[in-house]
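A.B. asks:
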Amino acid sequence: MELKRNFGAAVGACLGMLAVASMAQAQSRLDDQIDDETKPWQEIAVQFPAMPIDANLLPFDVSATATQRFAIDPKSLTVGTDGVVRYTLVTQSQAGAKNVSYEAIRCASLEYKIYALGHADGTWSRARRDQWQPIVNNAMNRQQAALVQDYFCLANSPASSAAEMLRRLRRQETLTKDLTR
14 MELKRNFGAA VGACLGMLAV ASMAQAQSRL DDQIDDETKP WQEIAVQFPA MPIDANLLPF
74 DVSATATQRF AIDPKSLTVG TDGVVRYTLV TQSQAGAKNV SYEAIRCASL EYKIYALGHA
134 DGTWSRARRD QWQPIVNNAM NRQQAALVQD YFCLANSPAS SAAEMLRRLR RQETLTKDLT
194 R
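So for the sequence shown, this note's numbering puts the first residue at 14; every next one is plus one.
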């Protein structure tokens, strides 16, 4: 009888310790979340991707009045642990001139950054002004604004994984269309 009583007390003590440990772990996770929100944002190190192959490019619409065509290299599209969407953008003028740039969009602040410019020989050169700049939505060639609104960002964070963003780009399904379904 005494063995059962001691066993019951031991089980009760173990359950009590488990409950306390569980609450401590939950508090620790909450503290980590609060710390993450108060820590200053830190951009991750960037490596330039391979140059895009024209046959793989995914075009996207910018506006009816756009004077250039825009496309994303699917192999370069990533969503970093810092919450930044990075991609290679190919811009082509009506005369056929082509520009290649490796860029990023930070959904949290609605800013973009150009890291590097591509050259015809397949090399990159760092952009002279690789600073975060506000995304402008009123320009005729509003490529970053179109990517933010239609494919990349929702509620100031990346809308989904890179794979899901690529799916939308391939199907020309904008976030607005996804939300109205």
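For each residue, glycine too, the CB sits at the ideal point set by N, CA and C. These numbers come from a predicted model, not from an experiment.
1) Do you know offhand how far residue 54's Cα is from residue 107's?
2) Which same chain residues end up closer than 7 angstroms to residue 109 when comparing Cβ atoms and leaving out the 5 residues on each side of it in sequence?
3) If you follow the alpha helix (DSSP H) that residue 177 is part of, which residue opens it and which one closes it?
4) How far does the alpha helix (DSSP H) with residue 157 in it reach, from first residue to last?
5) Within the same chain, show all residues whose beta-carbon is closer than 6 angstroms to that of residue 92, passing over the 5 residues directly before and after it, in chain order.
6) Classify residue 131: buried if its beta carbon has 16 or more other beta carbons within 10 angstroms, exposed otherwise.
7) Among 142, 119 and 150, which residue has its Cα nearest to the Cα of residue 57?
8) Hey, how far is the Cα of residue 157 from the Cα of residue 180?
9) Give me the residue from 88, 72 and 90 with the minimum Cα distance to residue 104.
10) What residues match up with residue 131 in a beta bridge as DSSP calls it?
11) Taking only the alpha-carbon atoms, compute the straight-line gap between residue 149 and residue 125 and give it to the nearest angstrom.
12) Using C-beta distances below 6 angstroms, list every residue in its chain close to residue 139, excluding the 5 sequence neighbours before and after it, in chain order.
13) With a CB to CB cut of under 6 angstroms and the five nearest residues on each side skipped, what residues in its chain are close to residue 135?
C.D. replies: Let me lay it out:
1) Within the sequence shown, the letter at position 41 stands for residue 54. Within the sequence shown, the letter at position 94 stands for residue 107. Using only the alpha carbons, I get a separation of about 39 angstroms.
2) As a working mapping, residue 109 is identified with position 96 in the sequence shown. For residue 109, where only same-chain residues beyond five positions count, there are no Cβ hits under 7 angstroms.
3) Your numbering for residue 177 matches position 164 in the sequence shown. Where residue 177 is concerned, the enclosing alpha helix (DSSP H) stretches over 175 to 184.
4) Locating residue 157 in the sequence shown gives position 144, counting from the first residue. Per DSSP, residue 157 belongs to the alpha helix (DSSP H) from 156 to 160.
5) Taking the sequence shown and counting its residues from 1, the one referred to as residue 92 is at position 79. So the qualifying residues of the chain are 98, 171 and 175.
6) Position 118 of the sequence shown, counted from the first residue, corresponds to residue 131. The residue is buried, with at least 16 neighbouring Cβ atoms inside 10 Å.
7) Taking the first residue of the sequence shown as position 1, residue 57 is located at position 44. It is 119 whose Cα lies nearest to the Cα of residue 57.
8) One-based indexing of the sequence shown puts residue 157 at position 144. One-based indexing of the sequence shown puts residue 180 at position 167. Distance between the alpha carbons of residue 157 and residue 180 is about 18 angstroms.
9) Here the question's residue 104 lines up with position 91 in the sequence shown. That would be 72, whose Cα lies nearest to the Cα of residue 104.
10) In the sequence shown, counting from the first residue as 1, residue 131 sits at position 118. Looking at the DSSP assignment, residue 131 forms a beta bridge with 137.
11) Position 136 of the sequence shown holds residue 149. Position 112 of the sequence shown holds residue 125. Taking the straight line joining both Cα atoms gives about 10 angstroms.
12) Translated into the one-based positions of the sequence shown, residue 139 becomes position 126. Closer than 6 angstroms at the Cβ level, and outside the excluded window around residue 139, lie 129.
13) On the sequence shown, residue 135 is found 122 positions in, with the first residue counted as 1. Correct list, in chain order: 64.
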